[in-house]
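A.B. asks: If you count by our numbering, then the sequence shown holds residues 2 to 141, one letter each, in order.
Submitted below is the structure of interest, expressed as structure tokens.
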Amino acid sequence: MWDMISSRERAPEHGGAHLIVDGIDAVVHRKAQFALFLKPAQEKGRHRLLGVLVEVYNAALEERRSAYAIAGVSVSLFDQFRQVKDLRGVRDDVLAFGIQPVRIALKRLDEAFQAFFRRIRRGETPGLPRFRAEHRYDTA
């Protein structure tokens, strides 16, 4: 049974954000939505960050596909996490925003693969994870 603590309409507004809290029994999920009004320099930084994350996502996808196609080896999320620290000195532009956004991009890819394998187990049309275009990747 759902126990709605606060709906979107009744959620308190703080600046450009609404605090939405809902949950089931003892589990509570919190979600904050923020309206961002970026200055031109900040907008450039956001585009750079999203560009880096798209590049990381697509490179990790290519690594997983190639490893399986060429050697029949499965690359895990944690294998790719371990490779992130090796980027220091080689691709400092990727790590300019820190390691956490890079790990989140890798986690998104892993979730796409988990959904792919879940659809295979259920007998549904699987749909292998696809490469992302920069304009379709809007979350950091």
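Here a beta-carbon is modelled for each residue, glycine too, at the ideal position from N, C-alpha and C.
Please read these numbers as outputs of a predicted model, since none were measured by experiment.
Can you tell me whether residue 140 is helix, strand or coil according to DSSP?
C.D. replies: Within the sequence shown, the letter at position 139 stands for residue 140. Looking at residue 140 - three-state DSSP - the assignment turns out to be coil, as it is neither helix nor strand.
A.B. asks: Taking the alpha-carbon positions, what's the residue 55 to residue 74 distance?
C.D. replies: Residue mapping note: residue 55 aligns to position 54 of the sequence shown, counting from 1. Residue mapping note: residue 74 aligns to position 73 of the sequence shown, counting from 1. Spanning the two alpha carbons is a distance of roughly 24 Å.
A.B. asks: Is the beta carbon of residue 117 sitting closer than 8 Å to the one on residue 107?
C.D. replies: Translated into positions along the sequence shown, residue 117 becomes position 116. Translated into positions along the sequence shown, residue 107 becomes position 106. It is not a contact, given that the beta carbons lie outside the stated cut-off.
A.B. asks: Please give me, in chain order, every unbroken run of the beta strand (DSSP E) with length at least 3 that falls completely inside the region 51-121.
C.D. replies: You should have found no qualifying run.
A.B. asks: Do you know offhand how far residue 140's Cα is from residue 43's?
C.D. replies: As a working note, residue 140 is residue 139 in the sequence shown. As a working note, residue 43 is residue 42 in the sequence shown. Taking the straight line joining both Cα atoms gives about 15 Å.
A.B. asks: Distance, Cα to Cα, residue 84 vs residue 59?
C.D. replies: Along the sequence shown, read from residue 1 onward, the residue named residue 84 stands at position 83. Along the sequence shown, read from residue 1 onward, the residue named residue 59 stands at position 58. Rounded to whole angstroms, residue 84 to residue 59 spans 15 Å at the Cα level.
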